[in-house]
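Undergrad: One structure, pasted below without further comment.
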Amino acid sequence: MLKTPLLVTRRITNRLRDIPGGVLLNDVLRRRFAKKGHKFTIQDFDNDISINLDLGDHMQSQIFWHGSYSREIIFLLKRLLKPGMTFVDAGANIGELSLIGAKLVGKTGEVHSFEPVARYADQLEANLALNPFANVRLHRVGLSDQPGDAPIFVASEYFADGTEHNGLATLYRSDERNLREQTITLTPLDEAIHPERLDVIKLDVEGAELAALKGASCQLERHHPDLIVEIGKETCEAAGYQGSDILDYLAPLGYKFYRIARLGKLIPIKSKDLTNFQNVYCRA
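Residue numbers for the sequence shown follow the working numbering, beginning at 1151 and rising by one.
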């Protein structure tokens, strides 16, 4: 009896997202239902994609109430990805961007989804099964510059909003992310896939971005794909480098850098412009 009213309410909150102050109103509901254990399968994510959502999860609850979690990146992907292209989604989690990418590149394109955490990969696999996409390959490994195995850690406490954030798994243990989840397999992208073309790579791997880029050096030099890279001061420093090191690594390959702002707007930046957290679009 409760699910139908919630789904009706969701249609309203998704529209409120575009109204000033609407997100704040939505978050009142999101917090209220965070710990009630509600799970849904919706069929209208990005209008026509099916996806399983748990309202107790930080990212999934935002997809349910707001319509998406990675809103600005989705706006950008819709400008970048065309039928026939190849898209790599590294740190795919439950597949929000992999599903969008599969829709955009179409039957003649390819999506390679990298998600090493077993329970997230299981959810991604289930979400793929809900949809008619035959163009997605799930890789249950993490990306790095060397092959091997390593423990991965997750947050041990709930967010202040009452949700569990399952998008914070990292190779680099910290005070906040100190719960060992499992041991994962690592591989360089250059060894994992050998596509005829590679158009866009999204990297959100909680500090392992620089190592993942170094492990994709051949792909970068051959294909010069567009890159969408999460750069956070905390995660970079936990991994032993600065966010500017990512830009310094890519600049000799001809890449220019842009902060991804609201509605996917691109703002040119240099190393000195990096803040504590941003998603950066890199184009050669």
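Even glycine gets a Cβ: it sits at the ideal position worked out from N, Cα and C. Owing to the predicted nature of the structure, the values given are computational and were not obtained by experimental measurement.
Hey, quick one: how far does the alpha helix (DSSP H) through serine 1200 stretch, first residue to last?
TA: Here residue 1200 corresponds to residue number 50 of the sequence shown, with the count starting at 1. Premise fails: serine 1200 lies in the beta strand (DSSP E), 1199-1204, not in any alpha helix (DSSP H).
Undergrad: Contact defined as beta carbons within less than 8 Å: I believe leucine 1226 pairs with tyrosine 1431. What is the distance between those atoms, to the nearest angstrom?
TA: Residue mapping note: residue 1226 aligns to position 76 of the sequence shown, counting from 1. Residue mapping note: residue 1431 aligns to position 281 of the sequence shown, counting from 1. With a contact defined as Cβ atoms closer than 8 Å, leucine 1226 and tyrosine 1431 qualify at about 6 Å.
Undergrad: Which stretch, first to last residue, makes up the alpha helix (DSSP H) that contains alanine 1172?
TA: Counting from 1 along the sequence shown, the entry for residue 1172 is found at position 22. The displayed chain sequence assigns glycine, not alanine, to residue 1172. Segment 1172-1182, the alpha helix (DSSP H) holding glycine 1172.
Undergrad: Per DSSP, arginine 1433 forms a beta bridge with which residues?
TA: Here residue 1433 refers to the residue found at position 283 of the sequence shown. Lys1406, per the DSSP bridge assignment.
Undergrad: Under the DSSP definition of a beta bridge, which residues are partnered with phenylalanine 1190?
TA: Here the question's residue 1190 lines up with position 40 in the sequence shown. Leu1203.
Undergrad: Under 8 Å, do alanine 1305 and arginine 1327 count as touching if we go by C-beta distance?
TA: The sequence position of residue 1305 within the sequence shown is 155, counting from 1. The sequence position of residue 1327 within the sequence shown is 177, counting from 1. A contact, by the Cβ cut-off of 8 Å.
Undergrad: Using only alpha-carbon positions, find the residue among Arg1290, Arg1181, Gly1357 that is nearest to phenylalanine 1427.
TA: As a position in the sequence shown, residue 1427 is number 277, starting the count at 1. That would be Gly1357, whose Cα lies nearest to the Cα of phenylalanine 1427.
Undergrad: Buried or exposed: where does glutamine 1212 fall if 16 or more other Cβ atoms within 10 Å of its Cβ makes it buried?
TA: Residue mapping note: residue 1212 aligns to position 62 of the sequence shown, counting from 1. It counts as buried.
Undergrad: Buried or exposed: histidine 1262, going by 16 or more other Cβ atoms within 10 Å of its Cβ?
TA: For the purposes of this step, residue 1262 is identified with residue 112 of the sequence shown, where counting begins at 1. It counts as buried.
Undergrad: DSSP on serine 1263, reduced to helix/strand/coil?
TA: Residue 1263 sits at position 113 when you count from the first residue of the sequence shown. Three-state DSSP puts serine 1263 in a strand.
Undergrad: What are the residues that DSSP puts in a beta bridge with glutamine 1369?
TA: Here the question's residue 1369 lines up with position 219 in the sequence shown. According to DSSP, glutamine 1369 bridges with nothing at all.
Undergrad: Could you tell me the alpha carbon to alpha carbon distance between lysine 1422 and phenylalanine 1309, rounded to whole angstroms?
TA: Position 272 of the sequence shown, counted from the start, is the residue given in the question as residue 1422. Position 159 of the sequence shown, counted from the start, is the residue given in the question as residue 1309. About 31 Å.
Undergrad: May I ask you to report which of helix, strand or coil DSSP gives aspartate 1168?
TA: Taking the sequence shown and counting its residues from 1, the one referred to as residue 1168 is at position 18. Coil, per DSSP.
Undergrad: For valine 1173, which residues in the same chain have their Cβ closer than 8 Å to its Cβ, ignoring the five residues on either side in sequence?
TA: Here residue 1173 is taken as the residue at index 23 of the sequence shown, counted from 1. Within the same chain, valine 1173 has close Cβ partners Leu1166, Arg1167, His1216.
Undergrad: Which same chain residues, not among the five before or five after aspartate 1354, have their C-beta less than 6 Å away from its C-beta?
TA: As a position in the sequence shown, residue 1354 is number 204, starting the count at 1. Once the five neighbours on either side are set aside, the close Cβ partners of aspartate 1354 are Gly1241, Glu1380.
Undergrad: Report the rounded CA-to-CA distance for serine 1294 versus leucine 1249, giving the unit in angstroms.
TA: The count along the sequence shown starts at 1 and reaches residue 1294 at position 144. The count along the sequence shown starts at 1 and reaches residue 1249 at position 99. Roughly 24 Å separates the two Cα atoms.
Undergrad: Which value, in whole angstroms, describes the spacing of the CA atoms of isoleucine 1419 and asparagine 1285?
TA: Counting from 1 along the sequence shown, the entry for residue 1419 is found at position 269. Counting from 1 along the sequence shown, the entry for residue 1285 is found at position 135. Isoleucine 1419 and asparagine 1285: Cα-Cα distance of roughly 34 Å.
Undergrad: Suppose the cutoff is 7 Å on Cβ atoms and the five residues either side in sequence are ignored; what does the same chain contact list for isoleucine 1244 look like?
TA: Translated into the one-based positions of the sequence shown, residue 1244 becomes position 94. Only Gln1210, Tyr1270, Gln1273, Leu1274, Asn1277 meet the Cβ criterion.
Undergrad: State the beta-bridge partners of aspartate 1299 as determined by DSSP.
TA: Here residue 1299 corresponds to residue number 149 of the sequence shown, with the count starting at 1. According to DSSP, which records beta bridges pairwise, aspartate 1299 is partnered with Thr1335.
Undergrad: Strictly by DSSP, which residues pair up with isoleucine 1107?
TA: Residue 1107 lies beyond the stretch modelled for the chain, which goes from 1151 to 1434, so this question has no answer here.
Undergrad: Check this for me: beta carbons of phenylalanine 1303 and glutamate 1331, under 8 Å apart or not?
TA: Residue mapping note: residue 1303 aligns to position 153 of the sequence shown, counting from 1. Residue mapping note: residue 1331 aligns to position 181 of the sequence shown, counting from 1. It is a contact, given that the beta carbons lie within the stated cut-off.
Undergrad: Taking its Cβ as the centre, do 16 or more other Cβ atoms sit within 10 Å of glycine 1259, making it buried, or is it exposed?
TA: On the sequence shown, residue 1259 is found 109 positions in, with the first residue counted as 1. The residue is buried, with at least 16 neighbouring Cβ atoms inside 10 Å.
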